[in-house]
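Student: Chains as they are written, first to last, in full-length UniProt numbering: chain A, 1 to 348; chain B, 1 to 348; chain C, 1 to 348; chain D, 1 to 348. Cβ atoms here follow ideal geometry from the backbone N, Cα and C, with glycine treated the same way. Take a look at this one; I'll ask things after.
There are 4 protein chains.
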Amino acid sequence: MKIGILTGGGDCPGLNAVIRAVVRKSLQNGHDVIGIREGWRGILENNFMTLDLDAISGILPRGGTILGTSRTNVYKVENGEEKVKQNMKDAGIDCLVAIGGEDTLGVASKLYKGGVKVVGVPKTIDNDLNATDYTFGFDTAVNIATEAIDRLHTTAEAHNRVMVVEVMGRHAGWIAVHAGIAGGADVILIPEKPFDLDEVCDVITKRHARGKNFSIVVVSEGAKLKTENNVDKDGSFVLSSMEVDAFGHVKLGGIGNVIAEEIEKRTGFETRATVLGYIQRGGSPTAFDRVLGTRLGVFAADLVDKGEFGYMAALKGKDIVAVKLEEAVGELKTVDLELYKVAETFFG
Amino acid sequence: MKIGILTGGGDCPGLNAVIRAVVRKSLQNGHDVIGIREGWRGILENNFMTLDLDAISGILPRGGTILGTSRTNVYKVENGEEKVKQNMKDAGIDCLVAIGGEDTLGVASKLYKGGVKVVGVPKTIDNDLNATDYTFGFDTAVNIATEAIDRLHTTAEAHNRVMVVEVMGRHAGWIAVHAGIAGGADVILIPEKPFDLDEVCDVITKRHARGKNFSIVVVSEGAKLKTENNVDKDGSFVLSSMEVDAFGHVKLGGIGNVIAEEIEKRTGFETRATVLGYIQRGGSPTAFDRVLGTRLGVFAADLVDKGEFGYMAALKGKDIVAVKLEEAVGELKTVDLELYKVAETFFG
Amino acid sequence: MKIGILTGGGDCPGLNAVIRAVVRKSLQNGHDVIGIREGWRGILENNFMTLDLDAISGILPRGGTILGTSRTNVYKVENGEEKVKQNMKDAGIDCLVAIGGEDTLGVASKLYKGGVKVVGVPKTIDNDLNATDYTFGFDTAVNIATEAIDRLHTTAEAHNRVMVVEVMGRHAGWIAVHAGIAGGADVILIPEKPFDLDEVCDVITKRHARGKNFSIVVVSEGAKLKTENNVDKDGSFVLSSMEVDAFGHVKLGGIGNVIAEEIEKRTGFETRATVLGYIQRGGSPTAFDRVLGTRLGVFAADLVDKGEFGYMAALKGKDIVAVKLEEAVGELKTVDLELYKVAETFFG
Amino acid sequence: MKIGILTGGGDCPGLNAVIRAVVRKSLQNGHDVIGIREGWRGILENNFMTLDLDAISGILPRGGTILGTSRTNVYKVENGEEKVKQNMKDAGIDCLVAIGGEDTLGVASKLYKGGVKVVGVPKTIDNDLNATDYTFGFDTAVNIATEAIDRLHTTAEAHNRVMVVEVMGRHAGWIAVHAGIAGGADVILIPEKPFDLDEVCDVITKRHARGKNFSIVVVSEGAKLKTENNVDKDGSFVLSSMEVDAFGHVKLGGIGNVIAEEIEKRTGFETRATVLGYIQRGGSPTAFDRVLGTRLGVFAADLVDKGEFGYMAALKGKDIVAVKLEEAVGELKTVDLELYKVAETFFG
């Protein structure tokens with residue numbers, strides 16, 4: 001068989017580990033592999049690259065993806081599905097391995113229903129994908145955020161400051177909770193648990209009262225206010241400095257900066273914000289993510305070899321298993337509230 | 001209740017995370033916690049320390065254990081069990097949280113059968129403890145080893161060398177397999193799969209033949225020869241340079257050095273060995289190990305609070321669960337051979 | 001003698017190395033050392049701490065400062081100088097070691113002229129202090145920024161993006177130039193070389209034209225537009241999205257965000273900004289900064305011992321030397337333009 | 001001109017930074033650059049590679065050398081100098097940039113006297129090359145060793161152990177002294193200061209007596225005993241377990257292991273050794289080494305462009321300057337004893 005492989009959506013440490021594993025295992029299984037550049041766009045535009053042993057040499061420890069990526073959605077392009085089928089046929093591509101998140105796998109799932117032979121590999125920094133215990137890239141992001149919190153701790157302590165750290169997580173707070181626990185956060189704000197700023201300030205004030213004159217607040221970019229319409233109880237907070245969109249997300253400046261300003265105003269403690277941003281998703285993957293990516297890639301290659309399409313390789317406990325593509329998409333995996341309770345043990 | 005807490009066996013990144021979590025959660029549960037210094041020795045010698053919020057402040061990111069550790073075995077001391085009971089009584093200690101590996105938990109299990117209220121927390125760098133999916137410290141060790149392999153890769157490539165890396169793992173090859181997969185090893189030798197040096201050299205020679213004139217060999221300290229009595233087929237290998245003990249372990253110099261010498265002799269390729277040693281078990285834990293240690297500690301504190309003794313906190317899939325102490329000890333958890341097959345995909 | 005020691009201004013990796021060295025050496029020289037908390041504020045408010053061998057144990061690898069810090073200026077407090085003298089007398093403090101930047105050493109210099117026995121140790125993340133080749137903390141900041149740029153590179157490449165990285169440097173571009181060279185930046189913008197956005201966009205566009213469809217722009221927080229009144233040539237830039245203060249610094253959002261927006265608008269290439277912020281000044285110092293801090297501290301202790309006050313310990317080539325405090329302050333050390341030319345070799 | 005460039009001797013982080021800088025600057029200066037593979041061997045065997053902008057893309061952060069390296073000495077090959085000249089002529093190579101240490105630059109110096117146009121760039125992990133303040137690669141090695149010592153500290157403390165760390169430095173103790181100061185070593189043993197084991201044990205014993213029951217001993221691989229013929233005072237040490245070669249270097253097992261065994265025997269304290277080995281010279285260079293390598297490469301390219309041959313680019317204070325090749329070789333730069341005195345401040 002001739003297998004096409006692509007990476008879609010935001011980049012994520014471990015993508016190259018998956019690509020390498022799919023290629024290596026598929027060659028051993030007696031197939032050919034061709035790289036499709038820049039996600040679904042590449043198959044729509046016939047943009048391919050050779051993937052032999054030389055092409056994958058030395059890529060395991062590197063961040064990013066040698067295939068490039070994009071957010072192109074086949075179903076938002078006119079006759080997208082037909083074009084994919086035609087271009088696969090023209091290029092002699094028998095089947096696809098699609099590595100990506102909610103969107104990329106959603107397309108994969110639809111294509112499969114439309115008759116395209118496709119196997120998926122789940123990918124998201126945010127770890128919010130259903131049907132897999134953890135996604136690669138997440139461990140790297142959590143370690144980068146934790147190291148940043150470690151660094152901010154010393155500054156907070158030296159200056160008697162409150163430090164607010166904004167981490168990734170638009171819809172789920174996995175990075176915030178893991179990095180917050182690992183970094184010893186005093187407050188963690190996540191989309192799953194809308195917050196009240198007065199309660200946050202209360203925790204900080206009590207902490208200072210017992211002699212700890214610095215605090216670390218970790219906040220997901222998608223964290224939201226508890227009160228209705230995202231307006232704080234006295235109505236002043238949102239109106240004065242915060243602009244939110246229809247989903248309650250801060251539009252300008254980021255929630256980290258907005259919260260820091262408000263905490264300083266309300267508590268009187270010097271407060272500073274740091275928005276970690278893109279450094280969380282770049283660079284060399286951790287060992288965990290390299291191993292997970294490699295295992296998923298080998299498993300996906302074997303699914304293809306056995307002709308088991310319409311599935312995604314997923315981590316369950318210690319094992320890699322196959323789950324139906326349609327189960328993987330549609331619903332977000334939000335933070336386990338038992339885990340959040342563990343984090344709360346250390347608040348204040 | 002007054003809870004005594006101790007750490008036994010080799011040190012391991014994440015011990016302080018567990019201690020902090022047990023103390024913090026137990027105080028919230030309304031109990032007192034007292035630190036027992038240097039493992040079981042501390043309770044035999046009445047060597048205690050105060051563990052309040054101040055004592056655990058700032059310890060989360062630190063390696064080692066603020067309690068100190070030792071390999072003292074209660075049951076190798078005359079009237080050990082009686083002394084433990086008497087000293088607990090004298091110090092007003094109602095129950096124990098014992099953090100350790102096979103040996104420490106073995107003592108805990110026996111003490112429980114003898115009537116001592118005890119809860120265990122599993123700990124081993126080597127990840128070879130039964131009844132828990134992963135142990136804290138392991139992820140840190142794997143990352144340190146992986147980073148070392150990354151570094152050795154560039155030297156191997158620049159000099160056309162074979163680099164042999166000896167990692168921890170006396171009875172199980174978990175570190176070798178994970179770091180080997182993550183570091184892109186060309187050969188991985190583990191205790192679970194006795195090896196034949198000619199086969200190893202064959203892989204390396206074939207690799208060179210296809211233009212890759214460097215190789216990385218990762219070897220567990222407990223790796224063993226395949227042939228009988230640890231003598232290589234032609235009888236020359238062991239006799240010339242290797243001295244093994246009753247268990248087949250190399251006594252002097254380490255297996256890494258011995259293998260490197262033999263590979264150079266047999267293949268003619270320049271070969272160098274690096275023994276990673278103690279740097280694998282020291283220093284700041286990864287985020288994974290901090291989160292795991294914290295979750296185990298909180299869970300153990302709750303077991304104590306609920307009066308559920310004789311159990312150990314364990315990781316199963318994404319959850320922390322209670323398993324009986326006796327199930328945790330007695331049998332090693334060796335490397336999953338499915339995982340080793342994934343690693344083999346990349347050999348040569 | 002009884003020596004008082006304090007740290008002032010922003011925190012900086014290596015401060016604890018200096019404190020440890022001053023204490024250790026001074027004790028060996030037969031003196032006592034007392035810690036003054038939170039910079040000059042501590043001597044004004046009689047806020048002291050004991051500094052014996054126990055107090056400095058284990059602090060070498062830690063970021064921040066065990067003494068705390070503040071920006072309190074003795075000469076902005078009524079009768080500040082008199083209070084310092086009186087409080088020193090009351091506490092039996094014979095002389096001071098002041099560790100800090102422009103402001104802290106400026107106060108030290110005035111106090112010395114006023115009759116106080118004081119020795120200085122230069123400190124600034126920004127490396128913009130005169131009379132010393134390099135300051136500790138700078139190497140750590142540059143390494144953190146470089147690692148971030150390395151990470152952003154993989155994202156830029158995977159997404160065909162321009163990544164703008166804002167680093168510290170309000171008045172001098174040392175961090176930007178060093179991290180930019182080390183990270184392989186395609187453009188570096190510093191306060192010493194006001195920039196023209198069209199030229200910046202031109203470099204990026206030409207880079208894309210030769211097949212490199214990603215770019216890294218490193219910008220000091222204090223970088224300024226070339227054209228008059230900080231308005232870009234066509235007048236549109238500043239007015240539309242940029243608010244600058246009297247010194248030409250962007251007031252809101254940071255220059256990184258503003259530039260990223262403009263580059264995207266002008267070139268059509270997807271552009272993202274990352275503001276590194278406080279993570280650059282926290283956490284464990286590099287070996288270079290620990291060695292430099294230690295050497296400066298030992299030297300300062302010896303200056304005190306020899307009664308040579310009014311001096312600062314400084315790095316000149318490979319040596320630590322004494323320079324007069326008054327020479328150290330008053331004029332900034334801006335980026336060597338030869339070094340910037342080296343950086344320019346790699347632009348585009 | 002057509003410029004040939006080569007890297008010789010042991011690999012060293014920063015080599016790729018130099019290569020990239022020489023190529024980039026020389027292209028801008030209007031010349032061509034050709035890569036000579038595996039040091040001097042490549043020019044003897046006509047083993048070349050193309051070096052254009054593509055070839056150097058992305059190599060800045062990578063360890064090793066894309067050119068490969070060897071220890072081949074032109075003057076140990078029959079008619080070596082003639083062959084070099086002939087092969088240069090045949091390949092149209094006008095001049096050489098040789099990056100290497102004592103041996104490589106020694107050959108460069110002789111070739112220059114023989115009429116070959118050559119410019120040198122100094123390289124050694126060990127920092128023991130004359131006529132330059134620091135060499136690239138050294139800072140990376142020191143940071144790796146320091147991080148290892150940090151890790152060993154926590155193990156030493158948890159187990160009440162003496163940890164012996166063997167670092168690189170056959171003839172000079174630069175790495176040991178810098179990493180020892182940065183890591184807070186209690187004893188540092190270097191080739192420049194032959195040691196007495198009884199004195200070493202005395203320091204450790206006194207440390208324990210004052211309540212510090214762990215110690216870190218950093219030892220250069222080339223450290224030597226103080227007493228005559230490398231036999232310890234009572235004659236027992238060397239005879240029992242140490243075999244030294246004519247230069248006093250330990251032949252088997254490494255000095256770290258030998259010393260650890262003796263310290264345990266003499267003091268009764270549990271002692272363990274770690275030999276860092278090759279991880280010190282591999283992997284991604286620090287920012288310092290990338291900047292230094294880049295500056296040296298740009299400078300060397302300009303020397304070539306100006307026709308100033310027979311020189312080496314060197315770091316003096318903050319500047320890069322030209323020094324005659326003959327001054328660079330012949331004499332080792334040993335550890336500054338003032339610096340060692342700084343280190344001694346923290347012994348015990």
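Taking 8 Å as the cut-off, decide whether the C-beta atoms of residue 176 of chain C and residue 146 of chain C are in contact.
Tutor: no
Student: Got a sec: is the Cβ-Cβ distance from residue 274 of chain A to anything in chain B below 8 Å?
Tutor: no
Student: Would you mind sorting residue 44 of chain A into buried or exposed? The rule is 16 or more other CB atoms within 10 Å of its CB.
Tutor: buried
Student: What residues in the segment 135-149 of chain D bring their beta carbon closer than 7 Å to a beta carbon of chain B?
Tutor: 148
Student: On the criterion of 16 or more Cβ atoms from any shown chain inside 10 Å, does residue 283 of chain A qualify as buried, or is it exposed?
Tutor: buried
Student: Determine the direct distance from the alpha carbon of residue 212 of chain A to that of residue 240 of chain A, and round the result to whole angstroms.
Tutor: Below a pLDDT of 50, predicted positions are generally treated as unreliable, and residue 240 of chain A, at 42, falls in that range; the measurement from the model is reported next regardless. Their Cα atoms are separated by approximately 30 Å.
Student: Helix, strand or coil: how does DSSP classify residue 311 of chain A here?
Tutor: Strand.
Student: Return the residues of the segment 264-289 of chain D that lie within a Cβ-Cβ distance of less than 7 Å from chain B, sorted by chain order.
Tutor: From the segment 264-289 of chain D, only 272, 274, 275, 277, 278, 279, 281, 282, 283 have a Cβ closer than 7 Å to chain B.
Student: When the Cα atoms are used, what is the spatial distance from residue 41 of chain A to residue 218 of chain B?
Tutor: 40 Å
Student: Say whether the segment 57-77 of chain C touches the segment 31-41 of chain C, bearing in mind that this needs 3 or more beta-carbon pairs closer than 8 Å, one atom from each stretch.
Tutor: yes
Student: Please list the segments of the alpha helix (DSSP H) lying wholly inside the segment 34-69 of chain D, counting only runs of 4 or more residues, in order along the chain.
Tutor: 40-44
Student: Going by DSSP, what residues sit across from residue 319 of chain A in a beta bridge?
Tutor: A/316
Student: Select from the segment 193-219 of chain B all residues with a C-beta closer than 8 Å to any C-beta belonging to chain D, and list them in chain order.
Tutor: none
Student: Kindly list, in the order they appear in chain A, the residues whose Cβ is closer than 8 Å to that of residue 62 of chain C.
Tutor: Taking a Cβ-Cβ threshold of 8 Å, the residues of chain A close to residue 62 of chain C are 154, in chain order.
Student: Quick one: is residue 240 of chain C near chain D, going by C-beta distance under 8 Å?
Tutor: Only weak support exists for where residue 240 of chain C lies, its pLDDT of 40 falling under 50; the value from the coordinates is given anyway. For residue 240 of chain C, the answer is no, since every Cβ of chain D falls outside 8 Å of its Cβ.
Student: Are the C-beta atoms of residue 181 of chain B and some chain A residue less than 8 Å apart?
Tutor: Yes - at least one Cβ of chain A is within 8 Å of the one on residue 181 of chain B.
Student: Look at the alpha carbon of residue 58 of chain D and the alpha carbon of residue 269 of chain A, and state the distance between them as a whole number of angstroms.
Tutor: 45 Å
Student: Measuring only the C-alpha atoms, how far is residue 286 of chain C from residue 179 of chain C?
Tutor: 15 Å
Student: Using beta carbons (cut-off 8 Å, strictly below), is residue 151 of chain A in contact with chain C?
Tutor: Answer yes: the Cβ-Cβ gap between residue 151 of chain A and chain C drops below 8 Å somewhere.
Student: Step through the CB atoms of chain A and report whether any lies within less than 8 Å of the CB of residue 178 of chain C.
Tutor: no
Student: Report back the beta-carbon spacing between residue 166 of chain A and residue 255 of chain A to the nearest angstrom; my notes put them in contact at under 8 Å.
Tutor: 6 Å
Student: Taking Cβ positions, are residue 2 of chain A and residue 92 of chain A nearer each other than 8 Å?
Tutor: yes
Student: DSSP state of residue 335 of chain D, grouped into three classes?
Tutor: Coil.
Student: Give the straight-line distance between the Cα atoms of residue 21 of chain B and residue 303 of chain B, rounded to the nearest whole angstrom.
Tutor: 13 Å
Student: Using a C-beta cutoff of 8 Å, does residue 81 of chain A count as contacting chain C?
Tutor: At a cut-off of 8 Å, the C-beta of residue 81 of chain A has no neighbouring C-beta in chain C.
Student: Nearest chain C C-beta to residue 11 of chain A closer than 8 Å, yes or no?
Tutor: yes
Student: Could you list which residues in chain G have their beta carbon closer than 7 Å to that of residue 291 of chain A, in chain order?
Tutor: In the displayed structure, chain G is absent; the protein chains listed are A, B, C and D.
Student: Pull up the CB-CB distance for residue 148 of chain C and residue 279 of chain A, whole angstroms please, since I reckon it's below 8 Å.
Tutor: 5 Å
Student: Under 8 Å between C-beta atoms, does residue 158 of chain A make it to chain C?
Tutor: yes
Student: What are the boundary residues of the alpha helix (DSSP H) that includes residue 201 of chain B?
Tutor: 197-209
Student: Listing by chain order, which chain C residues have their CB less than 8 Å from the CB of residue 163 of chain A?
Tutor: 278
Student: What residues in its chain sit with their C-beta under 8 Å from that of residue 160 of chain A, if we drop five residues either side in the sequence?
Tutor: In its chain, beyond the 5 residues on either side, 213, 214, 269, 270 have a beta carbon closer than 8 Å to the beta carbon of residue 160 of chain A.
Student: Please decide whether residue 65 of chain A counts as near chain B, where near means a Cβ-Cβ distance under 8 Å.
Tutor: no
Student: DSSP three-state call for residue 241 of chain B: helix, strand or coil?
Tutor: Low confidence applies here, because residue 241 of chain B scores a pLDDT of 45, under 50, leaving its location unreliable; read the following figure in that light. In this structure, residue 241 of chain B counts as helix in the three-state DSSP scheme.
Student: Between the Cα of residue 101 of chain B and the Cα atoms of B/84, B/108, B/112, B/123, which residue gives the shortest distance?
Tutor: B/123
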